[in-house]
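Here's the structure we're looking at; comments come further down.
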Amino acid sequence: EAAVTQSPRNKVAVTGGKVTLSCNQTNNHNNMYWYRQDTGHGLRLIHYSYGAGSTEKGDIPDGYKASRPSQENFSLILELATPSQTSVYFCASGDAPGGSQNTLYFGAGTRLSVL
Amino acid sequence: SQWGEENLQALSIQEGEDVTMNCSYKTYTTVVHWYRQDSGRGPALIILIRSNEREKRSGRLRATLDTSSQSSSLSITAAQCEDTAVYFCATSGANTGKLTFGHGTILRVHP
Chain A
1 EAAVTQSPRN KVAVTGGKVT LSCNQTNNHN NMYWYRQDTG HGLRLIHYSY GAGSTEKGDI
61 PDGYKASRPS QENFSLILEL ATPSQTSVYF CASGDAPGGS QNTLYFGAGT RLSVL
Chain B
116 SQWGEENLQA LSIQEGEDVT MNCSYKTYTT VVHWYRQDSG RGPALIILIR SNEREKRSGR
176 LRATLDTSSQ SSSLSITAAQ CEDTAVYFCA TSGANTGKLT FGHGTILRVH P
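So the protein lines, in turn, are chains A and B.
Mapped onto the numbering used here, the consecutive letters of the first sequence carry residue numbers 1 to 115.
Mapped onto the numbering used here, the consecutive letters of the second sequence carry residue numbers 116 to 226.
Structure representation (structure tokens):
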């Protein structure tokens with residue numbers, strides 16, 4: 001059973017529409033992360049969270065919001081989707097409260113196309 | 116090498132060959148993570164090396180770390196077709212736990 005589950009797996013959205021990507025983890029990890037993956041850029045961090053009620057900006061937060069209503073759930077919100085946000089989005093949970101040895105456990109990804 | 120301004124790298128080898136992937140990173144770190152991503156899946160950690168280890172082995176994998184040159188390498192001995200994947204190195208902020216990933220190396224192993 002997957003410990004990090006993302007939904008939906010595929011999404012087609014219209015420019016200017018609102019998109020919500022959901023992530024659920026059963027690892028009981030405090031930390032959760034949202035990355036996007038584009039060819040030539042690897043994985044880039046959008047937002048992350050240290051626990052319920054907390055959200056932090058990552059390296060490329062513009063155009064995205066995040067919400068962590070509980071230990072298990074972490075959402076990524078695109079209020080006004082643009083074609084440049086077409087990408088594959090990965091959610092991950094982390095097994096350490098901080099420090100350089102934090103191991104991330106990733107979901108299977110959500111492929112988002114904004115037309 | 117995975118970082119800096121380099122594009123995504125691609126390597127193509129025959130089954131049974133050895134292969135080495137290199138990674139250079141920008142900011143000081145004491146730990147380098149190596150992740151593997153199979154097609155259609157999220158990345159998964161395969162080996163982690165600390166600065167006091169210099170070399171770490173796990174099965175057919177061997178990782179090295181040189182903090183003076185801010186570089187790491189991942190070697191696979193006697194590659195198999197199932198080693199076909201994208202391999203990323205990553206470093207972590209000391210206090211945040213955030214991982215910063217390199218651009219990755221696409222490895223294709225042909226039978």
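Even glycine gets a Cβ: it sits at the ideal position worked out from N, Cα and C.
CB contact below 9 Å: residue i versus chain B
i: A:D59; result: yes
i: A:G51; result: no
i: A:L104; result: yes
i: A:Y35; result: yes
i: A:Y64; result: no
Chain A within 9 Å of residue i, Cβ atoms only
i: B:R177; result: no
i: B:H225; result: no
i: B:R169; result: no
i: B:S207; result: yes
i: B:Q117; result: A caution first: B:Q117 carries a pLDDT of 44, below 50, which makes its placement in the model unreliable, though a value can still be read off. Chain A contact via Cβ: present.
Proximal residues to residue i (C-beta, below 7 Å), its chain only, five neighbours per side dropped
i: B:T286; result: The question about residue 286 of chain B has no answer, for chain B in this structure spans 116 to 226.
i: B:R151; result: P158, A159, I161, A200 and Y202
i: A:G109; result: Q6, V88, Y89 and F90
i: A:T20; result: S75 and I77
i: A:D59; result: R44 and L45
i: A:V160; result: With chain A covering only 1 through 115, there is no way to say anything about residue 160 of chain A.
i: B:E197; result: none
Same chain, Cβ closer than 6 Å to residue i, five either side skipped, listed in chain order
i: B:I164; result: V147, K171, A178 and L180
i: A:R111; result: N10 and V88
i: A:T103; result: D95
i: B:T192; result: D133 and R175
i: B:S190; result: T135 and R177
CB of residue i within 9 Å of CB of residue j, strictly
i: A:Y89; j: A:I46; result: yes
i: B:S187; j: B:Y140; result: yes
i: A:Y35; j: A:A92; result: yes
i: A:F74; j: A:A66; result: yes
i: B:T135; j: B:S166; result: no
Contact set for residue i: own chain, Cβ-Cβ below 8 Å, skip 5 residues either direction
i: B:S183; result: none
i: A:P83; result: T15, V114 and L115
i: A:M32; result: C23, Q25, Y48, S49, R68, F74, C91, A92, S93 and G94
i: A:K138; result: Look at the range of chain A in this structure, 1 to 115, and you will see that residue 138 of chain A is not part of it.
Status (buried if at least 16 other CB within 10 Å, exposed otherwise) for residue i
i: A:Q25; result: buried
i: B:E120; result: Confidence at B:E120 is low in this model, with a pLDDT of 36, below 50, so the placement of that residue is unreliable and no value is reported for it.
i: A:T37; result: Strictly speaking, residue 37 of chain A in this sequence is Gln, with Thr absent from that position. By the neighbour-count rule (16 or more Cβ atoms within 10 Å), A:Q37 is buried.
i: B:K213; result: buried
i: A:N28; result: exposed
i: A:G53; result: exposed
Chain B contact residues for residue i, given Cβ-Cβ distances below 8 Å
i: A:N24; result: In chain order: nothing, as chain B lies at least about 14 Å away.
i: A:H41; result: H218
i: A:N31; result: G212
Where residue i meets chain A, residues with beta-carbon distance less than 7 Å
i: B:K141; result: Within 7 Å Cβ-Cβ: nothing; B:K141 doesn't reach chain A, min ~13 Å.
i: B:A125; result: None at all; the shortest Cβ gap to chain A is about 11 Å.
Listed by chain order, chain A residues near residue i by CB distance under 8 Å
i: B:S188; result: Correct list: empty, because the minimum Cβ distance to chain A is about 17 Å.
i: B:G131; result: What B:G131 touches in chain A: nothing, since even the nearest Cβ is about 29 Å away.
Residues that residue i contacts on chain B, provided the C-beta gap is smaller than 7 Å
i: A:N10; result: Result: empty, since nearest Cβ-Cβ is about 11 Å, beyond 7 Å.
i: A:Y48; result: K213
Where residue i meets chain A, residues with beta-carbon distance less than 9 Å
i: B:L163; result: Q101 and T103
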